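Chains as they are written, first to last, in this note's numbering: chain A, 143 to 513; chain B, 143 to 513.
Protein chains: 2
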Amino acid sequence: MVQSTQFPFEFLHADTKTQARRGRLHLPHGVVETPAFMPVGTQGTVKGLTIDQVAGTGAHILLGNTYHLSLRPGSELIAELGGLHRFMGWDKPILTDSGGFQIFSLGEMNKVTEDGATFKSHLDGSKIHLRPEDSIRIQEQLGSDIAMVLDHVIALPASDEAVLDASDRSVRWAQRCKAAAVRQDQAMFAIVQGGLNPNARVRCAEQLMEVGFDGYAVGGLSVGEPPPEMYRILDIVCPVLPTDQPRYLMGVGRPIDLVEGIARGIDMFDCVMPTRNGRNATAFTANGLLKMRNQSHASDDSPIEPDCHCLACKHSRAYIRHLFQAGEMLGPILLSIHNLTFYQRLMSSARSAIEEDHFEEFLNEQRTRLA
Amino acid sequence: MVQSTQFPFEFLHADTKTQARRGRLHLPHGVVETPAFMPVGTQGTVKGLTIDQVAGTGAHILLGNTYHLSLRPGSELIAELGGLHRFMGWDKPILTDSGGFQIFSLGEMNKVTEDGATFKSHLDGSKIHLRPEDSIRIQEQLGSDIAMVLDHVIALPASDEAVLDASDRSVRWAQRCKAAAVRQDQAMFAIVQGGLNPNARVRCAEQLMEVGFDGYAVGGLSVGEPPPEMYRILDIVCPVLPTDQPRYLMGVGRPIDLVEGIARGIDMFDCVMPTRNGRNATAFTANGLLKMRNQSHASDDSPIEPDCHCLACKHSRAYIRHLFQAGEMLGPILLSIHNLTFYQRLMSSARSAIEEDHFEEFLNEQRTRLA
Chain A
143 MVQSTQFPFE
153 FLHADTKTQA
163 RRGRLHLPHG
173 VVETPAFMPV
183 GTQGTVKGLT
193 IDQVAGTGAH
203 ILLGNTYHLS
213 LRPGSELIAE
223 LGGLHRFMGW
233 DKPILTDSGG
243 FQIFSLGEMN
253 KVTEDGATFK
263 SHLDGSKIHL
273 RPEDSIRIQE
283 QLGSDIAMVL
293 DHVIALPASD
303 EAVLDASDRS
313 VRWAQRCKAA
323 AVRQDQAMFA
333 IVQGGLNPNA
343 RVRCAEQLME
353 VGFDGYAVGG
363 LSVGEPPPEM
373 YRILDIVCPV
383 LPTDQPRYLM
393 GVGRPIDLVE
403 GIARGIDMFD
413 CVMPTRNGRN
423 ATAFTANGLL
433 KMRNQSHASD
443 DSPIEPDCHC
453 LACKHSRAYI
463 RHLFQAGEML
473 GPILLSIHNL
483 TFYQRLMSSA
493 RSAIEEDHFE
503 EFLNEQRTRL
513 A
Chain B
143 MVQSTQFPFE
153 FLHADTKTQA
163 RRGRLHLPHG
173 VVETPAFMPV
183 GTQGTVKGLT
193 IDQVAGTGAH
203 ILLGNTYHLS
213 LRPGSELIAE
223 LGGLHRFMGW
233 DKPILTDSGG
243 FQIFSLGEMN
253 KVTEDGATFK
263 SHLDGSKIHL
273 RPEDSIRIQE
283 QLGSDIAMVL
293 DHVIALPASD
303 EAVLDASDRS
313 VRWAQRCKAA
323 AVRQDQAMFA
333 IVQGGLNPNA
343 RVRCAEQLME
353 VGFDGYAVGG
363 LSVGEPPPEM
373 YRILDIVCPV
383 LPTDQPRYLM
393 GVGRPIDLVE
403 GIARGIDMFD
413 CVMPTRNGRN
423 ATAFTANGLL
433 KMRNQSHASD
443 DSPIEPDCHC
453 LACKHSRAYI
463 RHLFQAGEML
473 GPILLSIHNL
483 TFYQRLMSSA
493 RSAIEEDHFE
503 EFLNEQRTRL
513 A
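In structure tokens:
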């Protein structure tokens, strides 16, 4: 196993009763306290929030989407303008995905060959060929702190043969990504694929560790399978991964999924759920979801959560409801701020619980409240 | 002339070469430095901005819309929840309009009688009868610092007969508004109507001054007439109005219109232009308008205005353009912040120019730059 020391992952504390870990990841643009949640800034902006507001939610690191940014405004332009950090005005760490998941979910997939993926742009239908080397070149132009390898994502359920074909290809692409990297100031994380097949997952993880990366992600989950299936895969994959390197569960998820992921040894998460739900008038709270358009909030003078210090919780539920009923932008804005703040508070509470050796109680409490 | 001393208007300085005035209006929720621009918070929110961001633009006072708020969420509800200030989280002064202009411009007008206006709600088509007394009751429920009298607004051009009929009715309605007022902590401004007819304007102003109000607005302008027509009416109306009370030009306007209004003795303005243009990708600058979707900004690393300290101007024009091209909410948000900041800086510069006795030079400079 080749391990990088250029982007040290401090292992601060291990929970005694679960696999939860408290860590600190050192990156070129700063330190990420783990477990960490990364808000998604798909097109160079966390939807509806100024960069000050994003920082105010407590985020240490953002995710940017290579697929979207490479199509518009283009990674060459962003590089010319000083990179993604400068372009969006965020001076803390950024992780960029590789585009693999977006090609799978958004693009009209034409063909995957050993060379790369050929697909149609969702913007103008133009034909694009993306090889692993292209994804790394683009991510190097964006200048993120962490680049992800290009992986071959497939729809589930799939045959064992299709799963193994895609996960073996993902390993070969990961090797090519590593070989293509030029920047010294950018970490690279590999992505463990293998669908819901335990053998394929373990094989993929072991092969990627042979190549050696700065961190390991678990990909291809949260695509419609029942949550217990996802937890089962984490139970199998995490013990195989290096203990002294960060682990990232991609695109997950609901608050309870984050806590369950932490209990299984995951350090990093990203998801559009807090902002997407915020735009759709749904608030996350410690006791579950609130639909803010409901008539029950119409004259409710209390905030969404009394102990939340976010901007939204300076207002009444009645006001938030009014904003959504009136179609005002401020409704989605305030609820996105609240939901991101909720996710960051959940991560902060999880970190404290691990440090103070009562993560299992925290986990059980969240299972009761959130599940 | 009956003059209120409950809401003192300090007359700080008169320009020597124009009619420009520097004043300070004392209201229950604070002090307004004049000349002042009021951002419009139609539905209990300045579109797209948190209340902290509104304050950050330099606004001293907001405008709220009686018509919209009375239909949704309802003035009774806002009163129950502690009034409009508390509802929207703004603790500085608020002026509410009377609904007269919105009934004219938005509602399907059915009938104006001496008793009041009957119209259809633009939300659900329900039939509403609004008398002057109703408008005041609603504004007292909202709890604004300044209530406006209900006026009879008509489309221009109109016959002299129609103009006089409406402006005389506006005076009688203003009397009824004054008689209906109960709250002691709310100023009431009258509205001078009279279309583009100088005699009707002067007659209306004199009749309103006989009744006596805390301030005087000039209404029914900026409805499509050429700007010189508006300036001509101000040249006629302002000299008639009391020098020791505030004057408010309703719904105006472009930056140059504000400066021309100040030169004629106007103290207060409101307009949706900075936020509406912001949402439509148009930026105000000291040298005129910028269309931010233009290809010319695509790789421009400079801010909209180098000497502007707003959030938008921490970013490049290229980034702002990208946000609009990508359909991201942050584009309208940042440009609304910039445009409101621009309007407030213009007012601040005008106030300084009056204090320092060089307002005429300032006026001429703005005529060159903006017109």
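By construction, the Cβ of each residue, glycine as well, lies at the ideal position given by its N, Cα and C atoms. Please read all numbers here as calculations on a predicted model, not as lab measurements.
8 Å is my cut-off, CB to CB: does residue i come that close to chain A?
i: valine 144 of chain B; result: Since pLDDT at valine 144 of chain B reaches only 41, below the 50 mark, its modelled position is unreliable, and no value is offered.
i: tyrosine 461 of chain B; result: yes
i: glycine 231 of chain B; result: yes
i: asparagine 471 of chain B; result: As written in the sequence, residue 471 of chain B is methionine, which differs from the asparagine given in the question. At least one chain A Cβ lies under 8 Å of methionine 471 of chain B.
i: alanine 468 of chain B; result: yes
i: glycine 186 of chain B; result: yes
i: leucine 453 of chain B; result: yes
i: glutamate 498 of chain B; result: no
Measure the CB-CB distance between residue i and residue j and report whether it falls below 8 Å.
i: alanine 423 of chain A; j: methionine 415 of chain A; result: no
i: isoleucine 245 of chain B; j: glycine 206 of chain B; result: no
i: alanine 221 of chain A; j: glutamine 317 of chain A; result: no
i: methionine 489 of chain A; j: alanine 178 of chain A; result: yes
i: glycine 362 of chain B; j: glycine 337 of chain B; result: yes
i: proline 181 of chain B; j: alanine 201 of chain B; result: yes
i: serine 240 of chain A; j: leucine 167 of chain A; result: no
i: leucine 213 of chain A; j: glycine 183 of chain A; result: no
i: threonine 160 of chain B; j: alanine 468 of chain B; result: no
i: valine 305 of chain B; j: valine 344 of chain B; result: no
i: alanine 289 of chain A; j: methionine 330 of chain A; result: yes
i: glycine 473 of chain A; j: phenylalanine 466 of chain A; result: yes
i: serine 152 of chain A; j: glycine 172 of chain A; result: Per the sequence shown, residue 152 of chain A should be read as glutamate rather than serine. No, the pair does not count as a contact, with Cβ atoms beyond the cut-off.
i: leucine 211 of chain B; j: glycine 186 of chain B; result: yes
i: isoleucine 378 of chain B; j: alanine 513 of chain B; result: no
i: threonine 417 of chain A; j: valine 188 of chain A; result: yes
For residue i, go through chain B and note every residue whose CB falls closer than 9 Å to its CB, in chain order.
i: glutamate 447 of chain A; result: Ordered by position in chain B, no residue passes the 9 Å Cβ test against glutamate 447 of chain A, which lies about 16 Å from the chain.
i: leucine 248 of chain A; result: By Cβ distance, chain B contributes nothing, its closest Cβ being about 14 Å from leucine 248 of chain A, past 9 Å.
For chain B, check one thing: does any of its Cβ atoms lie closer than 8 Å to the Cβ of residue i?
i: histidine 464 of chain A; result: yes
i: proline 215 of chain A; result: yes
i: histidine 439 of chain A; result: no
i: histidine 480 of chain A; result: no
i: leucine 350 of chain A; result: no
So which residues on chain A does residue i lean against when the C-beta distance must stay under 7 Å?
i: aspartate 443 of chain B; result: Leu223
Rounded to the nearest angstrom, how far is the Cβ of residue i from that of residue j, given a contact under 8 Å?
i: glycine 190 of chain A; j: isoleucine 446 of chain A; result: Going by Cβ atoms, the distance from glycine 190 of chain A to isoleucine 446 of chain A rounds to 16 Å, so no, they are not a contact pair.
i: alanine 322 of chain B; j: glutamate 275 of chain B; result: 4 Å
i: arginine 163 of chain B; j: glycine 407 of chain B; result: 6 Å
i: aspartate 499 of chain A; j: threonine 176 of chain A; result: About 17 Å separates the two Cβ atoms, so there is no contact after all.
i: serine 441 of chain A; j: leucine 219 of chain B; result: 6 Å
i: tryptophan 232 of chain A; j: isoleucine 193 of chain A; result: 5 Å
i: phenylalanine 243 of chain B; j: asparagine 252 of chain B; result: No, phenylalanine 243 of chain B and asparagine 252 of chain B are not in contact; Cβ-Cβ is about 17 Å, not under 8 Å.
i: glutamate 502 of chain B; j: histidine 155 of chain B; result: Glutamate 502 of chain B to histidine 155 of chain B, Cβ: 14 Å. No contact.
i: cysteine 346 of chain B; j: serine 312 of chain B; result: 7 Å
i: arginine 396 of chain A; j: serine 478 of chain A; result: Wrong, their Cβ atoms sit about 16 Å apart, outside the cutoff.
Cβ closer than 7 Å: which chain B residues qualify as neighbours of residue i?
i: serine 458 of chain A; result: Leu223
Could you name the residues of chain A that residue i contacts, counting a contact when the two beta carbons are closer than 8 Å?
i: isoleucine 475 of chain B; result: Gly190, Thr192, Met471 and Ile475
i: leucine 488 of chain B; result: Within 8 Å Cβ-Cβ: nothing; leucine 488 of chain B doesn't reach chain A, min ~23 Å.
i: leucine 219 of chain B; result: Ala440, Ser441 and Ala460
Return the residues of the region 188-209 of chain A that lie within a Cβ-Cβ distance of less than 9 Å from chain B, sorted by chain order. Residues of the region 188-209 of chain A that bring their beta carbon within less than 9 Å of a beta carbon in chain B comprise Val188, Lys189, Gly190, Leu191, Thr192, Ile193, Asp194 and Gln195, in sequence order.
If the cut-off is 8 Å on Cβ atoms, which residues from the region 422-436 of chain A count as contacting chain B, listed in chain order? Within the region 422-436 of chain A, no residue has a Cβ that lies closer than 8 Å to any Cβ of chain B.
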